[in-house]
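Chains as they are written, first to last, in this note's numbering: chain A, 1 to 269; chain B, 1001 to 1356. Just so it is clear, CB atoms sit at the ideal spot from N, CA and C, and this is done for glycine as well. A short worksheet on the structure shown next.
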């Protein structure tokens, strides 16, 4: 039985950090003065540390990687998004990505907290390192896909402003279109490589996998493979690739929901 | 001790008047002629201002006379368009000037460099003492802070700079961009130079007269392309700048469509500053093509200016804080000085600390 209020406090504190980043961004957008880098990076960094502390405490409680319920999956996914942002944001000078990342993480984490889906039951399934690797690497891949989706949204916002000739204050803080497209491509490749590793490792778990889940996971893999192939062969304009990143991540979230939901309804023996 | 500023600017005088007072005097000559302790002369195309520190009151006419030293104009022949700011108003005015708030184009940064140059020149000539030194150093600090913490300098406001800024929003680093300039007129040259100044290396020029294309290419460090070949260049270029006298559009969607298919992953930025327009507006609807004609460029410039004007209040707030702090620090400094100098009261010293 998990009964550790400390981890909840850590998670609530982390959520408050992301909320602060979102409120700060909204306030700056309203006033027209926009300095996304410092405050957003600091609050997201702090939120990430608190998330990590939560996962660590929860992992020690469970004696395994804390991805045993829909609640934990959402938190782990939010952590993955923040983790990839911490790696990618400063490296590619995508400072404004924080302004887009914080709302997504807040949404995932806030949803998990508000919906009271934190399962308060003992986990009977014995620890399985392949299963944990499969689940965690797939979620980190989802984090990369989420960031590609965020970069896609930024691309479409920037593109729309350039097309319509109506430039908002945010326009001057968004990275150039070509840089954003390069970032989308790299994030897609990272996500695809990690997701491939996740799918392959799934076959080594020793458990019979539900057919529907396998088919859906492979369908998602094929979707991202098709996007990357079309990008590589220059069949798709960057705008369409950006739009497909959003569609792909929406499909990934739906799949994740389905997998976790069915796993909770029909726990493995 | 009085700190004051006398000057005229685009707000109070037209260019014909301003030029009569520009270039006739130096800070040193004004200080010696008017009997000031310190003086600094700031002359730009939009203003002629003198910042002074003096133990006695000096009239505006006296300074105006110093500024007209070398000319034969009669000072009394027309009303003087000079303004005068004293003490904290003078501090506030300088902070506003250095931050670009008093400029014709709000937020322009050129004034910062001009003020620095004026300060350096006056310092070298020995006309600047401790008060103007502190005042100007603080003004530079304020100007930097205003630029950092507000959007006052954000966005381009001229045709050339808007074109370059938009190109940077699309491509980032312009050094790897290929630019084709169509037309070899004055506007083409000005905008082409703006691109070259931002790092463009591969610049091609095409014109009906190959000689003029060659001349412009030479002037801006590019290469000339025969006019018959310009359309095929659209396969490889990133930026197209058109400014020809053609009465009909030179580029339409049906001409561009086959070329775009070969460059689907690369955006094409078209700047059409010709009137009548050289590029069919329908081109902007094509995927990956961003077309800006002269009206849309002006509209972007106006949006930038509007954005800057929105930031004036935030900039004024920063300046107000600095004015209060600066005036207080000067007063404290003067208080300490009078204490060290045998408790001489401020009343005995004509230094108007409360106003400074």
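Counting only residues of its own chain and dropping the five nearest sequence neighbours on each side, residue 256 of chain A has no CB closer than 6 angstroms to any other CB. Residues of the region 1292 to 1303 of chain B with a Cβ closer than 8 angstroms to any Cβ of chain A, in chain order: 1292, 1296, 1299, 1300, 1303. Within the region 144 to 169 of chain A, contact with chain B at the beta-carbon level (separation under 8 angstroms) is assigned to 158, 162, 163, 165, 166, 167, 169. Counting of Cβ neighbours within 10 angstroms places residue 1244 of chain B among the buried residues, the total reaching 16 or more. Straight through space, the alpha carbons of residue 162 of chain A and residue 169 of chain A are spaced by roughly 13 angstroms.
For residue 1002 of chain B, the enclosing beta strand (DSSP E) stretches over residues 1002 to 1009. Residue 1220 of chain B is not bridged by DSSP to any residue.
The beta-carbon of residue 1145 of chain B is placed no less than 8 angstroms from the nearest beta-carbon of chain A. Proximity to residue 145 of chain A across A/43, A/188, A/78 peaks at A/188, based on C-alpha coordinates. Secondary structure note for residue 1202 of chain B: it is in no alpha helix (DSSP H), and the uninterrupted beta strand (DSSP E) holding it is 1202 to 1207. Taking a cut-off of 8 angstroms on C-beta distances, the region 202 to 213 of chain A touches the region 125 to 139 of chain A, as three or more cross pairs fall below it. In the DSSP assignment, residue 1124 of chain B falls outside any beta strand (DSSP E) and lies within the alpha helix (DSSP H) extending over 1110 to 1125. By the neighbour-count criterion, in which 16 or more other beta carbons inside 10 Å mark a residue as buried, residue 58 of chain A falls on the buried side. Bounds of any beta strand (DSSP E) do not take in residue 1171 of chain B; it lies within the alpha helix (DSSP H) bounded by 1159 to 1171.
Residue 1037 of chain B sits in coil when the DSSP states are folded into three classes, being neither helix nor strand. Boundaries of the beta strand (DSSP E) harbouring residue 1239 of chain B: 1239 to 1242, taken from the DSSP string. Between residue 1281 of chain B and residue 1291 of chain B, the C-beta spacing is below 8 angstroms. About 7 angstroms separates the beta carbon of residue 191 of chain A from that of residue 224 of chain A, a gap short enough to meet the 8 angstroms contact definition.
Under the Cβ criterion of 8 angstroms, residue 1267 of chain B is counted among the residues facing chain A. Contact annotation for residue 1170 of chain B against chain A: 162, 176, 177, 178 [CB-CB distance below 8 angstroms, chain order]. Secondary structure of residue 1178 of chain B (DSSP, three-state): strand. Distance from the CA of residue 1094 of chain B to the CA of residue 1101 of chain B, rounded to the nearest whole angstrom, comes to 10 angstroms. Straight across, the Cα-Cα distance linking residue 1249 of chain B with residue 1283 of chain B is about 11 angstroms.
At a cut-off of 8 angstroms between beta carbons, residue 1287 of chain B contacts chain A. Distance from the CA atom of residue 1300 of chain B to the CA atom of residue 64 of chain A, rounded to whole angstroms, is 56 angstroms. Here residue 19 of chain A has 106 as same chain residues with Cβ atoms under 7 angstroms from its own Cβ, once five neighbours each way along the sequence are excluded. Under the three-state reduction of DSSP, residue 205 of chain A is assigned to coil, being neither helix nor strand. When the five nearest sequence neighbours on each side are left out, the beta carbons in the same chain lying within less than 7 angstroms of the beta carbon of residue 1196 of chain B are those of 1203, 1220, 1221, in order along the chain. At least one CB atom of chain B sits nearer than 8 angstroms to the CB of residue 238 of chain A. By DSSP's assignment, residue 1271 of chain B forms a beta bridge with B/1241, B/1292.
In the structure shown, the three-state DSSP call for residue 1226 of chain B is strand. For the C-beta of residue 172 of chain A, the chain B residues within less than 7 angstroms are, from N- to C-terminus, 1154, 1155. In chain order, 108, 112 place their CB closer than 6 angstroms to the CB of residue 74 of chain A, counting only its own chain and leaving out the 5 sequence neighbours on each side.
DSSP places residue 138 of chain A in the uninterrupted alpha helix (DSSP H) bounded by 129 to 164. Residue environment for residue 1269 of chain B: buried (at least 16 other C-beta atoms within 10 angstroms of its C-beta).
As DSSP reads the structure, residue 1083 of chain B sits in a beta bridge with B/1007.
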